[in-house]
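A.B. asks: Numbers given in the numbering used here equal positions in the sequence shown, counted from 1, plus 154.
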Amino acid sequence: MSAPAPRPPSVDSLLGPGGALEQALPAYEHRPEQLQMARAVERAFSEGSYLLAEAGTGTGKTLAYLVPALLSGLKVVVSTATKTLQDQVFFKDLPLLSEKLGLQFEAAYLKGRGNYLCLHRYESFEKDPQFVSRDEAKQWPLLKKWVTQTETGDRAELDLPESFAAWSRLSTTSETCLGSRCAQYETCFVTKMRKRAETANLLVVNHHLFFADLALRSSGKRTEGVLPFYDAVVFDEAHALEDVASGHFGYSVSNYRLEELARDAVAALPAKDDRHPTLSALAQRVRSHADALFVQAPRALGLSSQESTVALRPETMGKLSGALEQVREGLSALASFSGSEREAELAAIHRRAEEMVEQLTFLEKAESSEHVYWAEARGKGLFLRANPIDVAKELRDRLYGALDTVVFTSATLAADSRFDFFAKRMGMYDDEGQPVTRVRTLAVPSPFDFPRQSALYLPTHLPDPSAPGFIEAAAEEIIKLCEVTGGRAFVLFTSLRNMVRAYELTATRLPYQALLQGERPKAQLLESFRQTPSVLFAAHSFWEGVDVPGDALSLVIIDRLPFASPGDPLVAARIRQIEARGEEPFDQYQLPQAALALRQGFGRLIRTQADRGIVAMLDRRIVTKGYGRVFLSSLPPAKRMEDTTELSRWFNGPVRPVPPLRTVR
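Rendered as structure tokens:
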């Protein structure tokens, strides 16, 4: 008799107790939480359902979704919020599954078009290379040599400064790409990347690329995106999806975008072409009218040096009606001329000019009740924007109707132990509160021993965060807390103003290296923080996606509860929309959103089973207000303290031995 055929691998045989992963990696110990999540993901793939899976830090959630995804036989997209996690999945986790477990699959790593050299634009640039500085010009010989050698065209292969301005003229976007009409289409690096992706089982992307592609393919105007068609999606770090999706489903016209169109129009025909003078004149007309519009806009819209964003309303946009009309007329003339010609470059100019006419008209009216309109000043750029207030309907229309299986996972999806907030914001329930598809939920706890590994310091003697003198009192508390841990602290702020002020009040008094977000690139700040006992003052981007395991980070100080500013145009619009439905925005939106944000901040502290440290919340409202219960119940079960003397004894006292990870027998 012939030997029975080997059983195909399964989630249990690979990740279960005594499974292939344990056998392949002697240091690996089976985690029941990981297996529980992997089984839930496997079920979602097999039955075609949606899964919300909250997996605490240390669960091993990446392998918990990768293994069932690879075993499913489906073409799966894994989308992450950060490049760091994207790199980890592709360069660390997938090779582990291939080399140690012998899984057979093909995976592709995809970035947005702007990361790749555009051969068509490179040819044009090479004829007349222009640089903003001598330092940039020095990079040109290296870049030219690289072009002859690269197989991917990915700028990450080059050691170019992040601020290398010429790259915008050497790469393309979904708007500027000529698509299949480009003479370089077959040799294009993006085309080659897409062809590799078409044969892959698993595509590793980031949220920005995923939603840029989804917005493009669902717009009804052009169907060719970067991603090939897929069967299922896993959103890792899914808590970040709403704002990313909202940005890509909206409209934005800026001085940068108009200038780029005018520049590309001039370059669309060779100077010796008889039509070039007319095209250049039309481009110059767009440029001059755009300059006039964006010179007038700040005063007309009420943007000041202190305000970087301001809501757009019909009455304020009316002050710019004359300037807007001149820009539209210039764009229409450019579109009319370029649309009558046959070259692919001119066809692209025609399409882009027509789209901007439509978007400027939409922005000027500022009348859609489903959108929020605002202006944003950033550096030398001024952006007029309109984004959907609620992405729920957009996701139902653009994504959910086409896919049976979507997995959302993060360490923070549930607020006050409930998934309702996230599920509603992401459109998994219709306007009547009925699920639009089969939705399952799962919460698996972290294997970390938070009562042993962490303390939560909750002082009540500080002023209310809105009271005069709060930041000065907070600065004194920061100094005391840093004495307990010998620095090695993140001090996280909800506003840049408080961050800078606290840094000014404490930096020279701290006997440790004091670092300030914005003074150096993020990667350099983190490297310096890891090398030397430091205190890092940061906001926004350091609340999540930052991983500093070990003793380098022993203290996380948070200045105040992270309620989103009601002055933010998008937040204000969401509040008004909830009120219009007869619901309470604080309970339905502001409070659960802040609770999830606080959990992200807390999550910077304990990254491994050996980590130990303190989270200090300087906002007394977490104790004195009734809603503080929601925040406290959402946080891990750390040991709570109100006195720095007790805190110092705990931190510097004897440490109990680390218990082994729990295993299933």
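By construction, the Cβ of each residue, glycine as well, lies at the ideal position given by its N, Cα and C atoms.
In whole angstroms, what is the alpha-carbon distance linking Phe602 and Val387?
C.D. replies: Each residue's Cα considered, the two are about 28 Å apart.
A.B. asks: Does the beta-carbon of Glu796 have 16 or more other beta-carbons within 10 angstroms, so that it is buried, or is it exposed?
C.D. replies: Result: exposed.
A.B. asks: For Arg735, count the other beta carbons within 10 Å of its own beta carbon; 16 or more makes it buried, fewer makes it exposed. Which is it?
C.D. replies: Label assigned to Arg735: exposed.
A.B. asks: Helix, strand or coil: how does DSSP classify Thr463 here?
C.D. replies: Thr463: strand per DSSP, three-state reduction.
A.B. asks: May I have the straight-line CA-CA distance separating Gly704 from Glu509, to the nearest angstrom?
C.D. replies: Near 51 Å, if we compare the C-alpha coordinates of Glu509 and Gly704.
A.B. asks: Run the CB neighbour count on Gln588, radius 10 Å, all protein chains shown included, and call it buried at 16 or more, exposed below.
C.D. replies: Exposed: under 16 other Cβ atoms inside 10 Å.
A.B. asks: Determine the extent of the alpha helix (DSSP H) in which Glu469 is found, giving its start and end residues.
C.D. replies: Unbroken alpha helix (DSSP H) run through Glu469: Pro468 to Gly472.
A.B. asks: Once you ignore the five residues that flank Ala568 on each side, which residues in its own chain have a CB closer than 7 Å to its CB?
C.D. replies: The residues are Glu208 and Ala597.
A.B. asks: Which whole-angstrom value describes the C-beta separation of Tyr611 and Gly641, a residue pair presumed to lie in contact below a C-beta threshold of 8 Å?
C.D. replies: The Cβ separation is near 16 Å, so there is no contact.
A.B. asks: Return the first residue and the last residue of the beta strand (DSSP E) that Pro542 is part of.
C.D. replies: Here the beta strand (DSSP E) through Pro542 covers Gly535 to Pro542.
A.B. asks: Would you give the residue range spanned by the beta strand (DSSP E) that Ser688 belongs to?
C.D. replies: Start and end: Ser688 to Ala693.
A.B. asks: Would you kindly report the start and end of the unbroken alpha helix (DSSP H) that includes Thr341?
C.D. replies: Where Thr341 is concerned, there is no enclosing alpha helix (DSSP H), given that its DSSP letter is neither H nor E.
A.B. asks: With 16 as the cutoff for other CB atoms within 10 Å, does Val230 come out buried or exposed?
C.D. replies: Counting Cβ neighbours within 10 Å, Val230 comes out buried, since at least 16 surround it.
A.B. asks: By alpha-carbon positions, which one of Thr345, Phe562, Arg761 and Val590 ends up nearest to Ala194?
C.D. replies: Among Thr345, Phe562, Arg761 and Val590, the Cα nearest to that of Ala194 belongs to Phe562.
A.B. asks: How is Pro162 classed by DSSP in three states: helix, strand or coil?
C.D. replies: The answer is coil: DSSP assigns Pro162 none of H, G, I, E or B.
A.B. asks: Which same chain residues, not among the five before or five after Gly172, have their C-beta less than 7 Å away from its C-beta?
C.D. replies: Nothing meets the Cβ criterion.
A.B. asks: Taking only three categories from DSSP, how would you classify Met580?
C.D. replies: Three-state result, Met580: coil.
A.B. asks: For Leu690, count neighbouring Cβ atoms within 10 angstroms of its own Cβ and tell me buried if that reaches 16, exposed if not.
C.D. replies: Label assigned to Leu690: buried.
A.B. asks: By the three-class DSSP mapping on this structure, what secondary structure does Arg505 have?
C.D. replies: Arg505: helix per DSSP, three-state reduction.
A.B. asks: In chain order, what residues of the same chain have a beta carbon less than 7 Å from the beta carbon of Pro283, not counting five sequence neighbours either side?
C.D. replies: Closer than 7 Å at the Cβ level, and outside the excluded window around Pro283, lie Trp294.
A.B. asks: Could you tell me the distance, in whole angstroms, from the CA atom of Ser164 to the CA atom of Pro249?
C.D. replies: C-alpha separation (whole angstroms): 18 Å.
A.B. asks: According to DSSP, simplified to helix, strand and coil, what is Trp697?
C.D. replies: DSSP places Trp697 in coil when its eight states are reduced to three.
A.B. asks: Which runs of the beta strand (DSSP E), 3 residues or longer, sit entirely within the stretch 614-664?
C.D. replies: Listed in chain order, they are 643-647.
A.B. asks: Look at the alpha carbon of Ser334 and the alpha carbon of Thr341, and state the distance between them as a whole number of angstroms.
C.D. replies: So the alpha carbons of these two residues sit roughly 11 Å apart.
A.B. asks: Nearest-angstrom Cα distance between Asp695 and Ala394?
C.D. replies: Contrary to the premise, residue 695 reads as Ser rather than Asp in this sequence. C-alpha separation (whole angstroms): 12 Å.
A.B. asks: Quick one, are the C-beta atoms of Ala692 and Arg655 less than 9 Å apart?
C.D. replies: It is not a contact, given that the beta carbons lie outside the stated cut-off.
A.B. asks: With H, G and I counted as helix, E and B as strand and the rest as coil, what does DSSP make of Leu168?
C.D. replies: Helix.
A.B. asks: Which first and last residues belong to the beta strand (DSSP E) in which Ile768 is found?
C.D. replies: Gly767 to Met771 is the extent of the beta strand (DSSP E) around Ile768.
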